[in-house]
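Notes to accompany the following structure.
Number of protein chains: 4
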Amino acid sequence: MIIVLKHGASTEEREHLVEWIKNLGIDVHESDGSYQTVLGLIGDTAKIDADLIASLDIVESVRRISDTFKCCNRRFHPDDTVINIGDVQIGGGAFAVIAGPCSVESEDQIVYIAKAVKQAGAQMLRGGAFKPRTSPYDFQGLKGEGIKLLLTARKETGLPVVTEIMSASDLDLFEDVDVLQVGARNMQNFDLLKALGQTTKPILLKRGLANTLKELLMSAEYIMSSGNPNVILCERGIRTYSDYLRNTLDLSAVPMLHELSHLPVIVDPSHATGISRIVPPMALAATACGADGLIIEVHNDPPHALCDGAQSLTPDEFAVLQRRITAIRDAIR
Amino acid sequence: MIIVLKHGASTEEREHLVEWIKNLGIDVHESDGSYQTVLGLIGDTAKIDADLIASLDIVESVRRISDTFKCCNRRFHPDDTVINIGDVQIGGGAFAVIAGPCSVESEDQIVYIAKAVKQAGAQMLRGGAFKPRTSPYDFQGLKGEGIKLLLTARKETGLPVVTEIMSASDLDLFEDVDVLQVGARNMQNFDLLKALGQTTKPILLKRGLANTLKELLMSAEYIMSSGNPNVILCERGIRTYSDYLRNTLDLSAVPMLHELSHLPVIVDPSHATGISRIVPPMALAATACGADGLIIEVHNDPPHALCDGAQSLTPDEFAVLQRRITAIRDAIR
Amino acid sequence: MIIVLKHGASTEEREHLVEWIKNLGIDVHESDGSYQTVLGLIGDTAKIDADLIASLDIVESVRRISDTFKCCNRRFHPDDTVINIGDVQIGGGAFAVIAGPCSVESEDQIVYIAKAVKQAGAQMLRGGAFKPRTSPYDFQGLKGEGIKLLLTARKETGLPVVTEIMSASDLDLFEDVDVLQVGARNMQNFDLLKALGQTTKPILLKRGLANTLKELLMSAEYIMSSGNPNVILCERGIRTYSDYLRNTLDLSAVPMLHELSHLPVIVDPSHATGISRIVPPMALAATACGADGLIIEVHNDPPHALCDGAQSLTPDEFAVLQRRITAIRDAIR
Amino acid sequence: MIIVLKHGASTEEREHLVEWIKNLGIDVHESDGSYQTVLGLIGDTAKIDADLIASLDIVESVRRISDTFKCCNRRFHPDDTVINIGDVQIGGGAFAVIAGPCSVESEDQIVYIAKAVKQAGAQMLRGGAFKPRTSPYDFQGLKGEGIKLLLTARKETGLPVVTEIMSASDLDLFEDVDVLQVGARNMQNFDLLKALGQTTKPILLKRGLANTLKELLMSAEYIMSSGNPNVILCERGIRTYSDYLRNTLDLSAVPMLHELSHLPVIVDPSHATGISRIVPPMALAATACGADGLIIEVHNDPPHALCDGAQSLTPDEFAVLQRRITAIRDAIR
């Protein structure tokens, strides 16, 4: 941490500050310039509130120079993390496509779609049982019953299943689920993250609506520092002033997260855009910039889907896309 | 809901769409213009997914014309809601200032500050016991012990207390707390909102980091439609590309929310700006544009506060501000 | 345009509004629902101020249903526009890479880079002569002298040249330039757009820092409605709350603009990210989602570049990228 | 400027960097910590491209510690700047209200409104002659004729006039105008700023749609470093994801700009909100947080205004507001 003092800071105030910092067990290197004085702090500065230091009268500015994330930091773990889910791998060069409906609606629906996406080449099945909806009057999901139907579809197809958990108190219901998803709205529900950190299941952690990459990594840190190293990061579009599309898909997050962290990074082009016609080009773009996988909404009958039909591909559209994804994967080898 | 069909939509597809809508129990008024056809839907269109309709080939655009929020809607409840907390009132012309430290740190600290803010004119005491922090390595609050200390401070001063709840599973610990706060990061933690809707306690609902006014009102709707009408809305700054301040305080939310809803609206200038020097002018501005109250961080020793010291006023600074707030209140009568 | 009247609007006020609209030469279809009345306006509603109508006491809401852009609208011009620049084509399936330094610095520099990017496969040369800089104390470009050096490089290599114009009063200096670029900060400098509309040169129009797709298209409309149909749209990253990257590259703009307009759309991954390591993956992603071209910064000696060295590729890095772009182009055929 | 080197940076690369910096005439203080090495640069670091340094392999991070703005910096000019416009003063405790229509439409209109706002207490008259409009098909203003009508209104009332200039080539037409306004879309039209810097007229500089406070100050710096010290800053709302209001009025910019700069800061609540009902509360809030003035749209007949009628107050509404502003001014003394 670097503290720049204001020109003309009194010696007394300066000594008072230096002493206060040293009492926290942190070394201070003082460097007097012609115009300004700089204090360099060496030690575990994570315990210092930078905003607080910045508010002192004699302080011009404060900068942290070390990262505050550790478990997920590539610097301390240079090799890619590979997440194993049954026979499926994500990360470290392994690429996986997760496909399925926004919501599980019935056994027929989920089994039909599971078979269709498997045949097209998907490696995992997604489907919402607990649905976070902006309005209390919208469909909230089949809940426990939905999870049972997902497991039926897994039995029929062998595809591992991914589904969203909204509350730690529901954990028992997810015992047989392969990957637990944390939705964008819960990315900073820290009690949920800590509870998931005490499981050993892979966690698919979606970036929040307007969260920075650092905040996403700090949320991964909550899970990992609680004991669970199996985290998959997911970019799903951020809120801007977009006029035609629901969110703005931030694909540059993919290479940037790969540089900062060893965790795998996948992309959700369906929620990011909200328009099924725009999903295929963005899925191809995500593949081209190095994503470790995709999560895509597929529905057998989009116009009658109980939620988010507008952004779902039909199984046929998905099959076409899957072939194009493979072509891009081959091209970037 | 208004559906505009594309020029050249086939009669067959159009009839198919109209029939589908009528099957949902909704009337359709068809209006053929020289260039475009417009369908006007009359009935409970809340059950229709507008994004889905918009994705159909023959549809040009779709617009909702009725609000999706009901319980908190001023149209259906023209009079201001007044929330009673002991002898304190918020809303309907009654104005209250809530003050106290970011975190409860010790009995001495919280009792000292409680007495100081009471003397300066505050009507309620705030203090964090459960602290949502971006980093798992930062101080997470005294939890249950912190709530006990808050109640001690209430006993000493008579000030009702406000503190944040992060998880429905902690509800028992909050039994004697006067007002439960939902933090910005939990504004769309729908399971928590529903659980709070089953209590009768006043809920202070903070606007999320990047949430719209409609989303804030829909979250209030979760609480109210679950049975608890006692909701206080709180603007606390939104995320933008601000360079010098932590967030951008959106004060125009105050008159706009008053127009849309009958619920009281208060403002948190401390979290919005992150700099104690900027807190007083923003507190005065919030008062001038009609806020029903303020929630302000006050700490006896900001440089040693365990969190957010940079944005805390000293008791003396708070006393000065309290007098200026009163002057503004008198001026806008 | 659709106007929804408030429940309980008086007959007199309603008649007054309808008459006022009809006086503007616009037909009004009135449709009375059980709860609300809807007025459908048929005719040239571009002359009506929707915000004004919305502000009337009896009006609930107002929606435009027709697009306000015409010249660039795909609806009225279904085929892709192809821009011809010498032997180079952009749009309609033709893909072009524009490469070169941020700033023209010297004859040696620009000729050297021009030869290098030509050899690597670039079709056009870019280089800034007039540089818009946030600070008046930063390097502002070689201006007229820089344009002469660009033309020298064109003579040596045959590559058409692209360079930015900041003011209509400089137009004479750009007489021999092949493509005139309008920078992000000037996207809504309407006097400049009108002046460029009176030339016949291709215009590379960059999206503004925080402008919507509709605003970008309306700025294209300024150029086109003034008489110049040769506009190339360019996505170059938008301003958000990004923490590690300068801007957020909005690649979903590419397929969305292609759907709305017949104009070619290229992408600038260099300004969007600001970090040379992130440029190649984003260039590949842009190619994969259907961009008609790329504009990429290349500098022979990035650490000594006079501006934006951090985001420039070396000629060798560019040559590698160019081969990978070709592979992606082959994969999406 | 502080440069933090990566752990393990080679001595050779480090010496190469230090030498390169010293060749620019800048002193380097090297400070070796247990984990990281920090270089402190002393001298005119404005000439160094921080992004470039940050891109070097051996560099961990770079931070500027000195401000890049000088002329407008309060540090170098502690006293408030007071702008004199005839008998009117803005800044240094002097408060002025500028009122008038969005567009000048006719002599009758502008003279009528000028008299009305003068009687209500306004000190200056605003009115658009050159109108920047998103669409080329919208009303573009009366241009030179509009300026003449403004001068007629000034003659009738004695009120100094403020109007927007869009292009340096129009400067002759503005010879008799009292204050030249730079609109939000032109905040970074640097050629216009430089041209205005060569006049002696007060410039009302509006903050751009999504510009930071630093960028606003750097644009003021363009005008001031060109020779014209008479700049008035204006906050007019920024672009966010607001759902009910056109922009988000960033009132915290007022105290923050006052801390950073000695220039006066005024607020435009009309463009910021776009809804006339929300204008008065935001005008009061701006006054309460210390703005040096307001610029407010007033129209005798808002429903028939040629632009932005929805956000205009009637003269009667303005007169009421003016009295309330005075009450707030009295309260904050």
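These protein sequence lines are chains A, B, C and D, in that order. To convert, note that position 146 of the first sequence is 146 in this note's numbering; the numbers rise steadily by one, no gaps. Just add 1000 to the spot in the second sequence (first one is 1) and you have this note's numbering. Just add 2000 to the spot in the third sequence (first one is 1) and you have this note's numbering. Just add 3000 to the spot in the fourth sequence (first one is 1) and you have this note's numbering. Virtual Cβ for every residue (Gly too), placed ideally from N, Cα, C.
Chain C residues whose Cβ lies nearer than 9 angstroms to that of residue i
i	result
Met3166/D	Asn2189, Phe2190 and Asp2191
Glu3012/D	Within chain C, no residue comes near Glu3012/D; the closest Cβ sits about 15 angstroms away, beyond 9 angstroms.
Glu3221/D	Ser2135, Pro2136 and Tyr2137
Asp308/A	Under the 9 angstroms cutoff, chain C gives no residues; its nearest Cβ is about 17 angstroms from Asp308/A.
Contacts that residue i makes with chain C (C-beta to C-beta distance below 7 angstroms)
i	result
Tyr241/A	Ala2210 and Thr2212
Nonlocal neighbours in the same chain, by C-beta distance under 6 angstroms from residue i, ignoring five residues either side
i	result
Glu3156/D	Val3111
Cys102/A	Gly128, Glu297, Cys307 and Asp308
His3299/D	Pro3101, Ala3305 and Ser3312
Neighbour flag for residue i against chain A, beta carbons, 8 angstroms
i	result
Val3038/D	yes
Cys2072/C	no
Ile3325/D	no
Arg1075/B	no
Cys1964/C	The structure shown does not extend to residue 1964/C, since chain C is modelled only from 2001 through 2333, so no value can be given for it.
Thr2068/C	no
Asp2178/C	no
Leu1056/B	yes
Asp2268/C	no
Ala2337/C	There is no way to answer for residue 2337/C, as the model of chain C reaches only from 2001 to 2333.
Pro1132/B	yes
Proximity test, Cβ basis, 8 angstroms: residue i and chain D
i	result
Ser252/A	no
Asn2023/C	no
Leu1263/B	no
Pro1255/B	yes
Same chain only: Cβ atoms within 8 angstroms of residue i, ignoring 5 sequence neighbours per side
i	result
Phe1174/B	Ile1147, Thr1163, Ile1165, Leu1180 and Lys1201
Met2187/C	Leu2205, Lys2206, Arg2207, Gly2208, Asn2211, Glu2215, Leu2216 and Ser2219
Pro255/A	Cys289 and Gly290
Thr3287/D	Phe3095, Leu3294, Ile3325, Ile3328, Arg3329 and Ile3332
8 angstroms Cβ cutoff, residue i in contact with chain B
i	result
Ile2295/C	no
Leu159/A	no
Arg236/A	no
Chain-ordered chain B contacts of residue i [CB-CB under 7 angstroms]
i	result
Ile244/A	The question names Ile, but residue 244/A is Tyr in the sequence shown. None at all; the shortest Cβ gap to chain B is about 11 angstroms.
Close beta carbons around residue i, own chain, < 7 angstroms, minus the five adjacent residues each side
i	result
Phe95/A	Asp292, Gly293 and Arg329
His258/A	Val265 and Gly290
Ala2195/C	Ala2168 and Leu2171
Ser3226/D	Lys3194, Gly3197 and Gln3198
Closer than 8 angstroms at the beta carbon, the chain B residues around residue i
i	result
Ser2335/C	For residue 2335/C there is no data in the structure shown, the boundaries of chain C being 2001 and 2333.
Exposure label - residue i; buried when at least 16 CB within 10 Å
i	result
Pro2078/C	exposed
Glu221/A	buried
Glu3015/D	exposed
Glu178/A	According to the sequence as given, residue 178/A is Asp; it is not Glu. Asp178/A should be labelled buried.
His1361/B	As shown, chain B starts at 1001 and ends at 1333. That puts residue 1361/B outside it, with no answer to give.
Thr240/A	buried
Val62/A	buried
Residue i CB to nearest heavy atom of the ligand COA below 7 angstroms
i	result
Ala2310/C	This structure lacks the ligand COA; in fact it carries no ligand of any kind.
Chain C contact for residue i (CB, 8 angstroms cutoff)
i	result
Leu3217/D	no
Contacts of residue i in chain D (Cβ-Cβ under 9 angstroms)
i	result
Ile2/A	Ile3002, Val3004, Val3038, Gly3040, Arg3063 and Ile3065
Listed by chain order, chain B residues near residue i by CB distance under 9 angstroms
i	result
Asp3330/D	Ala1327 and Ala1331
3-residue-minimum beta strand (DSSP E) runs that sit fully inside the segment 134-187 of chain A, ordered along the chain: You should have 161-164 and 179-182.
Contiguous alpha helix (DSSP H) assignments of at least 4 residues, all confined to the segment 2079-2140 of chain C: Counting whole runs of 4 or more residues, the segment 2079-2140 of chain C contains the alpha helix (DSSP H) stretches 2107-2120.
Secondary structure, alpha helix (DSSP H): runs of 4+ residues fully inside the segment 183-238 of chain A: The DSSP assignment places 190-197 and 213-225 as complete runs of the alpha helix (DSSP H) inside the segment 183-238 of chain A, in order along the chain (cut-off: 4 residues).
Whole alpha helix (DSSP H) elements within the segment 26-71 of chain A, 4-residue minimum: Whole alpha helix (DSSP H) segments, 4+ residues: 50-54.
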